[in-house]
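Chains A and B, in that order, give the protein sequences.
Using this note's numbering, you'd call the opening residue of the first sequence number 42 and step up by one each time.
Using this note's numbering, you'd call the opening residue of the second sequence number 42 and step up by one each time.
Virtual Cβ for every residue (Gly too), placed ideally from N, Cα, C.
Data block below; observations after.
2 protein chains.
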Amino acid sequence: MTTSNATPLRDTYRHGDLRQALLAAGLELARAGGPAAVVLRESTRQVGVSPNAAYRHFSDRNALLTAVSDAALGLAADSMVREVEAVASTEDPAADARRRLRAVGLGYLRFAREEPGLFRTAFSVPDDLARSGDASKAGVAGLTPLQVLSASLDELESTGVLPPERRQGAELLAWSAVHGLGMLVIDGPLRGLTEEMIDGATQRLLDMVERGI
Amino acid sequence: MTTSNATPLRDTYRHGDLRQALLAAGLELARAGGPAAVVLRESTRQVGVSPNAAYRHFSDRNALLTAVSDAALGLAADSMVREVEAVASTEDPAADARRRLRAVGLGYLRFAREEPGLFRTAFSVPDDLARSGDASKAGVAGLTPLQVLSASLDELESTGVLPPERRQGAELLAWSAVHGLGMLVIDGPLRGLTEEMIDGATQRLLDMVERGI
DNA sequence: TCGGTGATGTGTACACTGTGAACAAGATCA
DNA sequence: TGATCTTGTTCACAGTGTACACATCACCGA
């Protein structure tokens with residue numbers, strides 16, 4: 042039984058769970074400095090292991106970055122789920138569904154604003170639809186951001202708010218709007234806006250989505 | 042009179058217009074590989090100059106990247122302007138204004154799809170509203186992307202399509218939606234969609250903006 | 001119990017990057 | 001013409017990703 046030592050100095054030759062430790066270190070680097078900051082050697086340094094040890098668990102720096110990016114997506118999903126769960130159900134399922142869709146967007150944008158480094162990292166690795174449901178990108182609830190959004194849109198359809206002919210591809214519209222705002226706010230031209238302005242913009246954007254979806 | 046030599050081998054000690062040459066080289070690198078590909082040493086190599094010569098014109102690699110990013114924004118503006126100018130005026134100014142706003146979005150998205158490397162580079166450098174009108178970010182028409190969009194929204198308002206109380210901050214909504222789609226399409230989860238699907242998504246997105254702005 | 005073996009971490013090495021400091025070449029101007 | 005300022009070069013160094021050979025050790029079958 043290896044006494045798990047938090048300090049960089051290990052007493053055992055084997056680390057125990059190096060992969061996980063490197064991922065955690067990479068995640069912290071990403072949190073602080075975005076994708077460019079997740080540097081392989083620094084991760085190993087923080088874990089207290091030689092640089093090349095990383096190659097036993099990640100083929101590449103890029104593989105590490107991808108793992109960090111996936112983890113960040115999971116955290117984004119968590120933020121969305123938290124916001125959705127904060128919406129109390131009433132006896133008006135249609136209004137609830139609307140509120141929950143807004144909550145999905147709010148959770149996404151909250152994550153972008155509270156964790157810009159992770160947000161940028163989450164979208165720094167090329168992805169595609171086929172892999173967007175991959176479990177490695179899921180949060181604690183087991184859902185990826187896309188799945189959280191899709192579930193919300195399903196509810197919107199089943200409560201009759203969203204006509205079936207508009208359901209298909211609706212993710213795309215909602216996601217684009219919210220993602221764009223997130224990007225523009227954290228390092229695009231919309232940076233430096235006050236909290237109030239961003240909040241206002243967020244509400245207007247969600248109005249637009251609700252009306253235009 | 043220096044015979045301008047296109048080959049890396051110069052015969053004069055001075056280059057003539059090194060800053061511009063480095064910028065052009067950087068732009069090509071960005072075109073091919075995005076922001077990460079604009080590496081200082083490679084730019085100097087292509088120009089046929091020693092690595093440190095770059096420091097006479099750019100304080101930093103980041104300064105070079107910023108210049109490249111600004112140039113890319115200018116090209117984006119050009120793409121938008123081209124699309125707008127392709128819209129012929131009719132005797133229905135309101136309908137024209139609508140079509141031109143769509144054209145602005147189309148030009149933006151066309152640029153994202155045709156020049157993904159430049160598009161990513163354009164938004165890889167933190168910016169803010171105060172600097173979004175900077176002339177260094179303007180295209181040949183002298184307008185920055187934000188200014189092209191604003192002009193289009195002004196027209197929409199003056200033709201009565203957009204109620205004045207909705208004019209303020211409308212840039213933000215339109216830009217967010219279109220920017221988000223661009224990002225998601227070139228390396229987000231929406232990558233790998235067919236041309237038709239992207240075209241369809243683009244139209245639906247522009248519908249949403251038009252309705253929800 | 002013990003030696004073999006495969007997995008995991010280490011050491012050495014190399015190419016490449018950004019960048020500082022001293023130096024060189026040549027334009028410019030008194 | 002000679003001093004000076006600008007622009008490019010050379011040398012140097014730290015930091016990065018990564019290949020390759022080696023060391024250590026957990027585990028497993030004899």
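Apart from the five residues just before and just after V166 (chain B), which ones in its own chain have a Cβ nearer than 7 angstroms to its Cβ?
So the qualifying residues of the chain are L106, T107, S110.
Quick check on DSSP: helix, strand or coil for P49 (chain B)?
For P49 (chain B), the predicted model reports a pLDDT of 42, less than 50, meaning its position is unreliable; a value from the coordinates is still stated below. Residue state, collapsed to three classes: coil.
Of all Cβ atoms in chain B, is any one closer than 8 angstroms to the Cβ of S217 (chain A)?
Cβ-Cβ to chain B under 8 angstroms: yes for S217 (chain A).
To the nearest angstrom, report how far apart A117 (chain B) and R232 (chain A) are at their CA atoms.
Answer to the nearest angstrom: the Cα atoms are 20 angstroms apart.
What residue does the alpha helix (DSSP H) around E196 (chain A) start on, and which one ends it?
Start and end: 186-199.
Please identify, using Cβ separations under 7 angstroms, the residues of the segment 163-189 of chain B that lie next to chain A, in order along the chain.
Correct list: F164, P167, D168, D169, L170, S173, L187.
For A78 (chain B), tell me which candidate among B:Q244, B:G89, B:D101, B:T162 has the shortest Cα-Cα distance.
Taking only the C-alpha atoms, the option nearest A78 (chain B) is B:T162.
Any chance the segment 201-217 of chain A sits against the segment 142-157 of chain B, with 3 or more Cβ pairs inside 8 angstroms?
The answer is no - the segment 142-157 of chain B does not touch the segment 201-217 of chain A, with fewer than three Cβ pairs under 8 angstroms.
To the nearest angstrom, report how far apart V202 (chain A) and A112 (chain B) are at their CA atoms.
Each residue's alpha carbon lies about 44 angstroms from the other.
Among B:T200, B:G115, B:G174, which residue has its Cα nearest to the Cα of G180 (chain B)?
Of B:T200, B:G115, B:G174, the residue nearest in Cα terms is B:G115.
Here's the rule: buried if 16 or more other CB atoms are within 10 angstroms of the residue's CB, otherwise exposed. What is Q61 (chain A)?
Answer is exposed; the Cβ neighbour count stays below 16.
With DSSP run on the structure shown, which of helix, strand or coil describes L231 (chain A)?
Three-state result, L231 (chain A): coil.
Kindly list the residues whose CB is nearer than 8 angstroms to the CB of S91 (chain A), restricted to its own chain and excluding five residues on each side of it in sequence; keep chain order.
T85.
Taking Cβ positions only, does L222 (chain A) come closer than 8 angstroms to chain B?
Answer yes: the Cβ-Cβ gap between L222 (chain A) and chain B drops below 8 angstroms somewhere.
Here's the rule I'm using: 16 or more other beta-carbon atoms within 10 Å means buried, otherwise exposed. How should R55 (chain B) be labelled?
Exposed is the call here.
Which term fits P204 (chain A), buried or exposed, when burial requires 16 or more other beta carbons within 10 angstroms of its beta carbon?
It counts as exposed.
Determine whether the beta carbon atoms of G146 (chain A) and V219 (chain A) lie at a separation below 8 angstroms.
Against a cut-off of 8 angstroms, the Cβ pair of V219 (chain A) and G146 (chain A) comes out as a contact.
Within its chain, find whatever has a CB closer than 6 angstroms to the CB of T44 (chain B); leave out the 5 residues flanking it on each side and keep chain order.
Since pLDDT at T44 (chain B) reaches only 29, below the 50 mark, its modelled position is unreliable, and the value read off the structure follows with that caveat. There are no such residues.
Taking R207 (chain B) as the reference, which of B:A182, B:T243, B:E251, B:D228 has the closest Cα?
Answer by Cα proximity: B:E251.
Does DSSP put H98 (chain B) in a helix, in a strand, or in coil?
Reduced to three states, the DSSP call for H98 (chain B) is coil.
Just verifying my parser: in three-state terms, what is the DSSP assignment at F160 (chain A)?
Helix.
Output needed in chain order: residues of the segment 229-254 of chain A with a Cβ under 9 angstroms from some Cβ in chain B.
Correct list: G229, P230, L231, R232, G233, L234, M238, G241, A242, R245, L246, D248, M249, V250, E251, R252, G253, I254.
Let me see if you follow: with CB-CB separation under 8 angstroms, is G210 (chain B) close to chain A or not?
Yes, because at least one Cβ of chain A sits closer than 8 angstroms to the Cβ of G210 (chain B).
May I ask you to list, following chain order, the residues of the segment 57-69 of chain B that have a beta carbon less than 8 angstroms from some beta carbon of chain A?
Going along the segment 57-69 of chain B in chain order, one finds no residue with a Cβ nearer than 8 angstroms to chain A.
In chain order, what residues of the same chain have a beta carbon less than 7 angstroms from the beta carbon of T131 (chain A), not counting five sequence neighbours either side?
Result list for T131 (chain A): D137, in chain order.
Within 8 angstroms of any Cβ in chain B, is that where the Cβ of L213 (chain A) sits?
For L213 (chain A), the answer is yes, since a Cβ of chain B falls inside 8 angstroms of its Cβ.
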